[in-house]
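From first to last, the protein sequence lines stand for chains A and B.
Under the numbering used here, the very last position in the first sequence is 322; numbers go up by exactly one each time.
Under the numbering used here, the very last position in the second sequence is 322; numbers go up by exactly one each time.
Backbone N, C-alpha and C define an ideal beta-carbon position, used for all residues, glycine too.
These figures come from a predicted structure and were not determined experimentally.
Right, one structure below, let's go through it.
Protein chains: 2
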Amino acid sequence: MTEWLDDAQQAAWRKLIEVVEVLPGALDSQLRRDAELSHFDYFTLAMLSEAPGRTLRMTALAELTNSSLPRLSHVASRLEQRGYLERAQCPDDRRATVATLTEAGWQKVVATAPGHVGTVRDLVFADLDASDVADLDRIMARVLGRLNR
Amino acid sequence: MTEWLDDAQQAAWRKLIEVVEVLPGALDSQLRRDAELSHFDYFTLAMLSEAPGRTLRMTALAELTNSSLPRLSHVASRLEQRGYLERAQCPDDRRATVATLTEAGWQKVVATAPGHVGTVRDLVFADLDASDVADLDRIMARVLGRLNR
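Have a look at this one:
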């Protein structure tokens, strides 16, 4: 017999799904308008900007950006054409490819980060106090524990 | 001066973004495998199944599914071709279109719901107790209050 969601679960689920559907478009919209980047483009550049030597293996970058390798390769190719990153054979493993943020890519992240963070604060954190943030962290960690099994 | 996220906000944000990126694919994957529906297809049919007379104006259905009208029209057209819904001129307002779930669409929702709910329970609610669910509901409501201004 099917175990349905109870009323409280159903109410929380509807809200979570709405956030999941609406948030990416809202993030994309500010970044496209102000930096001609999708959120995924920005996140890819931001992950490289925080890596040692601003370089990561493509497989590691795919994991950090919650992406498949084909999707990441497609995006990396466009970002490479725009001069924000470069791909090369990994010096330690000739079968692997690494991506490196260029100086122009670094400047792009530096120029784009304040507007993006302002949007995240405005859309997500403006009405959350420290205890809400701790609850959000705990609950998302539990959901990820299931999603990433 | 840019006000950055503090460490707790940053940690919660990374987790929320990962859920936002990964959850839709996980929901789609079960529904496509078991019912040849995307999550958006299913959600559209489910919203109609709960409406009076299993009928809604397309504008109301777009709002319920957090969708633009063009995106919904595209999906509705495919669902209509598969025999799950029908569109007609609204009897009260000739400029408006209504969508009605067909009997085949109703049977599709009835057949698909248990597997989908099982997936939602398994991926999202399995490790959340009643207090987590209440926290999730409260926090998502606050975020939606910002996103939907």
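Where does residue i land, buried or exposed, given buried means 16+ other C-beta within 10 angstroms?
{"i": "T217 of chain B", "result": "buried"}
{"i": "E209 of chain B", "result": "exposed"}
{"i": "G278 of chain A", "result": "buried"}
{"i": "A303 of chain B", "result": "exposed"}
{"i": "E276 of chain A", "result": "exposed"}
{"i": "R322 of chain B", "result": "exposed"}
{"i": "R315 of chain A", "result": "buried"}
{"i": "H247 of chain A", "result": "exposed"}
{"i": "D214 of chain B", "result": "buried"}
{"i": "S250 of chain A", "result": "exposed"}
{"i": "T285 of chain B", "result": "buried"}
Which same chain residues, not among the five before or five after residue i, have their C-beta less than 7 Å away from its C-beta?
{"i": "A219 of chain A", "result": "V282"}
{"i": "S222 of chain A", "result": "L274, W279, V282"}
{"i": "E253 of chain A", "result": "E259, R260"}
Have a look at residue i and residue j and give me their C-alpha separation to the nearest angstrom.
{"i": "Y257 of chain A", "j": "Q183 of chain B", "result": "24 Å"}
{"i": "Q262 of chain A", "j": "A181 of chain B", "result": "36 Å"}
{"i": "R311 of chain A", "j": "D300 of chain B", "result": "11 Å"}
{"i": "K188 of chain B", "j": "W177 of chain A", "result": "26 Å"}
{"i": "L274 of chain A", "j": "G288 of chain A", "result": "20 Å"}
{"i": "L309 of chain B", "j": "R319 of chain A", "result": "16 Å"}
{"i": "M313 of chain B", "j": "D266 of chain A", "result": "44 Å"}
For residue i, which residues from the same chain have a beta carbon less than 8 Å from its beta carbon, with the 5 sequence-adjacent residues on both sides left out?
{"i": "L140 of chain B", "result": "Past the edges of chain B, shown from 174 to 322, lies residue 140 of chain B, and the structure says nothing about it."}
{"i": "A269 of chain A", "result": "R230, M231, T232, Q262, C263"}
Excluding the 5 residues flanking residue i on each side, which residues of the same chain have their C-beta closer than 6 Å to its C-beta?
{"i": "R244 of chain A", "result": "none"}
Quick check: is any heavy atom of the ligand NAP less than 7 Å from the C-beta of residue i?
{"i": "P225 of chain B", "result": "The ligand NAP is not among the ligands present in this structure, which contains no ligands whatsoever."}
Item to complete: Would you be able to state if there are at least three C-beta pairs under 8 Å between the segment 194 to 210 of chain B and the segment 221 to 231 of chain B?
Response: no
Item to complete: Please determine if the segment 232 to 250 of chain A and the segment 290 to 297 of chain A are in contact, where contact requires at least 3 C-beta pairs separated by less than 8 Å.
Response: no
Worksheet entry | Near-chain A residues of the segment 270 to 292 of chain B - C-beta to any C-beta below 8 Å | A286, P287, V290, G291
Item to complete: Give the residues from the segment 185 to 206 of chain B that approach chain A closer than 8 Å (Cβ to any Cβ), ordered along the chain.
Response: A185, W186, K188, L189, I190, E191, V192, V193, E194, V195, L196, P197, A199
Discussion item. Under 7 Å, CB to CB, which of the residues in the segment 234 to 249 of chain A have a partner in chain B?
Written reply: N239
Fill in: Within 8 Å of chain A by C-beta, residues of the segment 300 to 319 of chain B in sequence order
D300, L301, A303, D305, V306, A307, D308, L309, D310, R311, I312, M313, A314, R315, V316, L317, G318, R319
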